[in-house]
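Numbering (my numbering), first residue to last: 25 to 348.
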């Protein structure tokens, strides 16, 4: 007698919890550096504020998921750590001056509105953390762009621009390329240090958590388009564009989200091309110097179409002749 079970018959060792745990570990270098950078630039007050901001945002996400699943009599899913990942990504996309209660509101929005109302993990049509970030950007625009604290001496309108904003508005960055790579400048907590983000990306790659098709295609296409749109051949300009504005953070940690990115191989290349093109358009012709978050969210909406176009044909199926 043979016992025949339903597919899948080959199961991977990875679980949702283990994947989310690896993502959390990968974000730790950027998290630690972000707290250090806030302390180094603005003092211990803002270093502590950054640490508490991350903690409060994570707790808000976990609590929102627990309360929602309890009220709706669903399985408690906080132990899969996906809410922790959402909270960390959202917090790392906030400036170190952001108010605690608004961050908690953003965490609740990410979990309840973007994630749970659409069916929970795997059913959401956009990245919950980025959905919440855009919600906060539209609701509290002033707080989302307050990268320099108003109570820090020596900060004025001329010096408060981030390197990428200065590059767009003034034609030159307010920081050196080395400082942008290391992260010695203001910005959101987790986006400033490219080297810290690349360490995390390397960890995810070695652990086989992410597929490099999306991030590498995204970065290459963006680099080509940003040079063409700006009619520039300056390699230093290109390097600063790659190091600024959360491009590396978005490419490796947000665009590769399993639930909101294509599952087909060719679809991932198409997804990366769309991301690179849109980000370059937003940065060049838009009002802001960033554009990564909105590009990823817009492309999240295209994923069903991309997968429909890129789904491989089943073996043995051919197009009927004569239109029959």
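Idealized CB from N, CA, C, for every residue including glycine.
These numbers come from a predicted model, not from an experiment.
- Taken in chain order, the unbroken stretches of alpha helix (DSSP H) that lie wholly in the region 79-133 and span 4 residues or more are 106-116 and 124-132.
- Within the DSSP secondary-structure output, residue 303 pairs in no beta bridge.
- By the C-beta density criterion, residue 43 is buried, having at least 16 other C-beta atoms within 10 angstroms.
- Sequence-distant Cβ neighbours of residue 225 in its own chain, meaning closer than 6 angstroms and more than five residues away, are 276.
- Only residues of its own chain outside the window of five on either side were considered, and among them 92 have a CB closer than 6 angstroms to the CB of residue 140, listed in chain order.
- Taking the CA atoms as reference points, residue 212 sits about 32 angstroms from residue 288.
- A distance below 7 angstroms between beta-carbons, with the five flanking residues on each side excluded, links residue 133 to the following residues of its chain, in chain order: 156 and 159.
- Between residue 75 and residue 111, the beta carbon gap of about 13 angstroms keeps them out of contact (Cβ cut-off 8 angstroms).
- Residue 325 is classed as exposed because its beta carbon has fewer than 16 other beta carbons within 10 Å across all chains shown.
- The straight-line gap separating the alpha-carbon atoms of residue 323 and residue 335 is approximately 17 angstroms.
- Straight across, the Cα-Cα distance linking residue 292 with residue 79 is about 33 angstroms.
- Going by DSSP, residue 42 is part of the alpha helix (DSSP H) stretching over 40-66.
- Under DSSP, residue 229 forms no beta bridge with any residue.
- Note that the C-beta distance between residue 263 and residue 222 is not below 8 angstroms.
- For residue 247, the enclosing alpha helix (DSSP H) stretches over residues 237-253.
- In the three-state reduction of the DSSP assignment, residue 216 falls in the coil class.
- With fewer than 16 other beta carbons inside 10 angstroms of its own, residue 165 counts as exposed.
- Counting of Cβ neighbours within 10 angstroms places residue 234 among the buried residues, the total reaching 16 or more.
- Shown here, residue 297 sits in a helix according to DSSP, grouped into three states.
- DSSP, read as helix, strand or coil, puts residue 147 in coil.
- With contacts defined as CB atoms closer than 8 angstroms, residue 119 and residue 168 qualify as a contacting pair.
- Only residues of its own chain outside the window of five on either side were considered, and among them 102 have a CB closer than 6 angstroms to the CB of residue 90, listed in chain order.
- Annotation: the continuous alpha helix (DSSP H) that includes residue 205 extends over 201-206.
- Here residue 246 is not near residue 310, since their CB atoms are 8 angstroms or more apart.
- In chain order, 66 place their CB closer than 7 angstroms to the CB of residue 176, counting only its own chain and leaving out the 5 sequence neighbours on each side.
- Where residue 138 is concerned, there is no enclosing alpha helix (DSSP H), because DSSP gives it neither an H nor an E.
- Residue 187 carries a helical assignment under DSSP once its states are collapsed to helix, strand and coil.
- Spanning the alpha carbons of residue 143 and residue 108 requires a straight line of approximately 18 angstroms.
- With a threshold of 16 other beta carbon atoms within 10 Å, residue 265 meets it and is buried.
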